[in-house]
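Chain order of the listed sequences is H and W.
All residue numbers for the first sequence refer to my numbering, where the first residue is 10 and numbers rise by one.
All residue numbers for the second sequence refer to my numbering, where the first residue is 1191 and numbers rise by one.
Don't be surprised by glycine CBs; every beta carbon is placed ideally from N, CA and C.
The next block holds one structure in the form of structure tokens; read it before the comments.
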Amino acid sequence: MKAQKGQVKVITGNATAAYAAMLCRPDVVTSYPITPMSEVAEQLSAFHADGILDAEMVEVEGENSAMNVVAAASISGGRAFTATSSWGLSFMYDAVQQASGFRAPVVMAIANRETPGILAVSGGQQDIVSARDTGWIQIIVEDCQEIFDTIIMAFRLAEDYDIQLPVMVNYDGFYLSYLAQAVEIAAREDVDRFLEPLKQQPQRPRLVPGEPLGAGTHGIEIGFVELRYKHCTAMERATTKLDKIDKEFGELFGRSYGGQIEEYLTGDAEIIVIASGGAAGTARTVVDAKRNEGIKVGLIKIRLFRPFPRKRLVEALRGKKAIGVIDRSVCFGWNCGPMYMELRALSPDIGVVPMLSYIDGMANLDITTPHIERVIDETYAAARGKPYQEVTWIPLEE
Amino acid sequence: MAQQEKKKSRVFDYFCEKEDPYVGGVAWCAGCTLELAARFVPKVLGNDMVLVGCPGCSAPVFYGQNTGAWHRLSYFSCLMTGVASSATGISRYFRRIGKDVTVVCFTGDGCAADVGFQPLSGAAERNEHIIYICYDNEGYMNTGYQRSSTTPLGASTSTTPAGIASKGKPTPAKNMPLIMSLHGAAYVATATLSHLEDFAKKLLKAKEKKNEGFVYIHVFAPCNMGWRMESNSSIQVCRMAVRTNYFPLWEAENGKFRLTQETANPRPIQEFTRPIRKFAHLKEADIDKLQQMVDERYAFIKGLCAIGN
């Protein structure tokens, strides 16, 4: 049975995140303001004040506490949500790793922003890239509707009995956080219906007052190794699980996003451009234009960044002649884009073809259509044997 | 016979008539006051609680190892930065589902006064329904006796060692219980292991007050190893801390201060410092400074107690 048509509101990415979180009926919500996600905290507080959000709201004194509160509430058996950005994520780093190690199925929205080092009140993906080895599931979305839909899907994924891992839902800070778009807000009962399967599964382990059960035992030697192994295999299961949840979401709400990756005109494509977040939207337009010029180019939007969608990417990229990857952050120590670096690791499976790394869109700089045209043109030329530059910092070459 | 039973202290009841949630052979040092505190707290508060702790001297026993455990308590371990905040999450969730749960944080001073202070302060300000018990052994005793912000003036620790150019820690201890009481907490008290009856009363009060708001109990808990004192001297050191006014026993209920143990003729501070070798290097002038600090702090508490009366 299809979901009823939801109310359409023109709202910002931040407000969208708050709407989605509210409809998932969290038990405990924490918020600590930071640019550019503060509006999420404000909107959730407003929902709470208006009686729309029936949850424990904890106005913590810092992000570190925000994460500890939601992780502990989650281990106690509750549904928990928080949001942050950039330095906020850095400040909760110890708790972020503890949350995943404890298998606390928290959902956290992140309005991506550059991280400390150079003061930058501006968008970029360095924050989540810095957290890619924290054992969290990381999903990157493109527009406001996808923020809404993905937060709901994220709870299904996080709290799934086979997964039990925290999920970060990432959207471009500044661009999407403050951009108002028309968003279809699903009806409460339809969100309930979508989350219903979580109630049918076995109860996950939790803290029971008075019962001799500890959360956070001292895992030593083989005990530690076993837990790490189980964590890794749960991460692995999250890849296909996301595809399944995305498909189910599509069946109910009529919108789906390809699960781990979204492929656009990849089937017959000779070359592929890879992007994530809002840049994927721009890239889609440019791919259309280039197709009209006769260039067989396709687009892959990476949605799932952790766990890395290896199998899906290999299937989509095998046989392609060249790949251009656009990153909004850097990989220190490799001097290239992080997604590019990860794509390189797939070479043994997809064959050695020219792979080009483009660093663009850092610190609020736009990833423009001419930029993506350039990516496509150079990748196309590389596919035809022309020499190419491995890493290009687009803003520095303009 | 009946009279004899009447005389029996409540501490006896707690110790001998309640089930011990700990197994034998726990990994604490001989003479450890933290062990006494850790055993005493659940006996008074009851086993139906969630204990929240972090790395420190309490951790090896509280955490257990892999699937092994030394106690039968419900336990949540987290990092030193996350104790009061994790307790908030636990307390809020159980409040949301309508379950009355006593959430007890049990950490050392390194967590409470230093690295975990921000969340502790935040939780107190939000008036979370948590009991936070800090066992103050005046430093990082678990990691090798380094100084913390509750290490007293002049104490020689592994990071403030006494030497030709050093007289130990150059600054006095952060006055944690006072700071916590000024947060407007529902109940704040100091306690120590030589005065178990007093400690028990305060724990019972804590349990009563925790449904109104934040409770903080600061327990003076000497460390035989770190302070370099005999393992059979710990309770006597606790007693002398009270009798010298080095560690006055007081409580503040809804901001109203009261001394729970008045010392008629306070002993000179040397009687407290003498058996503790972390003070052994101090000269008379240094001891005088310590005495001055003790007198000032005691006068301050006395003054606060006078306000309400």
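> So what does DSSP say about Ser1339(W), is it helix, strand or coil?
Replying inline: If DSSP states are grouped into helix, strand and coil, Ser1339(W) belongs with coil.
Notebook entry, point to check: Does the distance from the CB of Ala288(H) to the CB of Leu308(H) come in under 8 Å?
Noted result: Cβ atoms of Ala288(H) and Leu308(H): not closer than 8 Å.
For Ala391(H), the three-state DSSP class (helix, strand or coil): In the structure shown, Ala391(H) adopts helical secondary structure according to DSSP, grouped into three states.
Going straight from the alpha carbon of Ala391(H) to that of Glu272(H), what length do you get? If you draw a straight line from the Cα of Ala391(H) to the Cα of Glu272(H), it comes to about 22 Å.
At which residues does the beta strand (DSSP E) containing Ala189(H) begin and terminate?
Taken as a continuous stretch (DSSP letters only), the beta strand (DSSP E) holding Ala189(H) covers 189 to 194.
Handout entry: Pairwise C-alpha distance: Ala1411(W) and Leu1224(W)
Key = The straight-line gap from Cα to Cα measures roughly 6 Å.
Tell me the rounded alpha-carbon separation between Asn1327(W) and Val192(H). Take the alpha-carbon of Asn1327(W) and the one of Val192(H): they are about 56 Å apart.
(message) Quick check on Ser99(H): does DSSP put it in helix, strand or coil?
(response) Note: Ser99(H) maps to helix in three-state DSSP.
Residues of its chain near Arg1457(W), where Cβ-Cβ distance is below 8 Å and the 5 sequence neighbours each way are ignored
The residues are Met1430, Arg1433, Thr1434.
Exercise for review: State buried or exposed for Cys1206(W), treating a residue as buried only when at least 16 other CB atoms are found within 10 Å of its CB.
Suggested key: Cys1206(W) is exposed by the Cβ-count criterion.
Problem - Length at least 4, wholly inside the segment 12 to 50 of chain H: the alpha helix (DSSP H) runs in chain order - result: Within the segment 12 to 50 of chain H, the complete alpha helix (DSSP H) segments at least 4 residues long are 22 to 32, listed from N- to C-terminus.
Measure from the alpha carbon of Val295(H) to the alpha carbon of each residue in Phe100(H), Leu274(H), Arg315(H), Ser139(H), then state which is nearest.
Comparing Cα-Cα distances from Val295(H) to each of Phe100(H), Leu274(H), Arg315(H), Ser139(H), the minimum goes to Leu274(H).
Once you ignore the five residues that flank Pro316(H) on each side, which residues in its own chain have a CB closer than 8 Å to its CB? By the criterion of a C-beta distance shorter than 8 Å, Pro316(H) is surrounded in its chain by Ile146, Met244, Glu245, Ala247, Thr248, once the five residues flanking it on both sides are discounted.
*asked:* Do Gly223(H) and Tyr1253(W) have their beta-carbon atoms positioned less than 8 Å apart in this structure?
replied: Note that the C-beta distance between Tyr1253(W) and Gly223(H) is below 8 Å.
*How should Val19(H) be labelled, buried or exposed, when 16 other C-beta atoms within 10 angstroms of its C-beta is the threshold for buried?*
Classified as exposed, Val19(H) has fewer than 16 neighbouring CB atoms from the shown chains inside 10 Å of its CB.
* How close, in whole Å, do the beta carbons of Ser1143(W) and Tyr1335(W) come, if the pair is a contact with beta carbons under 8 Å? -> Outside the shown range of chain W (1191 to 1499) lies residue 1143(W), about which nothing can therefore be said.
- Is there contact between the segment 320 to 340 of chain H and the segment 349 to 365 of chain H, where contact requires at least three CB pairs shorter than 8 Å? With the cut-off at 8 Å, the segment 320 to 340 of chain H and the segment 349 to 365 of chain H touch.
ask   = So, does the CB of Pro214(H) fall closer than 8 Å to a CB anywhere in chain W?
value = Taking 8 Å as the threshold, the shortest C-beta distance from Pro214(H) to chain W does not fall below it.
Under 8 Å, with one C-beta from each stretch per pair, do the segment 1412 to 1426 of chain W and the segment 1369 to 1381 of chain W reach the 3-pair mark?
Touching, no, given that fewer than three Cβ pairs across the two stretches are closer than 8 Å.
Q) With distances taken between CB atoms, is the gap from Val1484(W) to Ala1442(W) smaller than 8 Å? A) Using a Cβ distance threshold of 8 Å, Val1484(W) and Ala1442(W) do not count as a contacting pair.
Less than 8 Å between the CB atoms is what I'm expecting for Cys1219(W) and Asn1414(W), so what's the real figure, rounded? Their Cβ separation, rounded to whole angstroms, is 6 Å, which keeps Cys1219(W) and Asn1414(W) in contact under 8 Å.
**Asked** Apart from the five residues on each side of it in sequence, which residues of its chain come closer than 8 Å, Cβ to Cβ, to Thr1463(W)?
**Response** Residues of the same chain with a CB within less than 8 Å of the CB of Thr1463(W), apart from the 5 flanking positions on each side, are Phe1469, Leu1472, Ile1477, Leu1480 in chain order.
Is the beta carbon of Val116(H) less than 8 Å from the beta carbon of Ala163(H)?
Their beta carbons are under 8 Å apart, which means Val116(H) touches Ala163(H) by this criterion.
Along the segment 103 to 120 of chain H, what residues have a CB closer than 7 Å to any CB found in chain W? Under the 7 Å Cβ criterion, the segment 103 to 120 of chain H contributes Asp103, Ala104, Gln107.
Measure from the alpha carbon of Pro211(H) to the alpha carbon of each residue in Phe262(H), Gly86(H), Ala27(H), Ser94(H), then state which is nearest.
Among Phe262(H), Gly86(H), Ala27(H), Ser94(H), the Cα nearest to that of Pro211(H) belongs to Gly86(H).
Measuring only from the beta carbon, is Pro1245(W) closer than 7 Å to any heavy atom that is part of the ligand MG? Ligands in the displayed structure: none, and consequently the ligand MG is not present.
Requested in this report: Determine, using beta-carbon pairs with one atom in the segment 70 to 81 of chain H and one in the segment 1257 to 1277 of chain W, whether at least three such pairs fall under 8 Å.
Outcome: Contact holds between the segment 70 to 81 of chain H and the segment 1257 to 1277 of chain W, because three or more Cβ pairs, one in each stretch, are under 8 Å apart.
Using a Cβ-Cβ cut-off of less than 7 Å, list which residues of the segment 1219 to 1244 of chain W approach chain H; keep chain order. So the close ones are Asn1237, Asp1238, Met1239, Val1240.
Within the 8 Å Cβ cut-off, does Ala1192(W) reach chain H? Bear in mind that a pLDDT of 48 at Ala1192(W), under 50, signals an unreliable position, so the model cannot answer this.
- Query: Can you find a C-beta in chain H that's less than 8 Å from the C-beta of Cys1295(W)?
  - Reply: Cys1295(W) has a beta carbon lying at 8 Å or more from every beta carbon in chain H.
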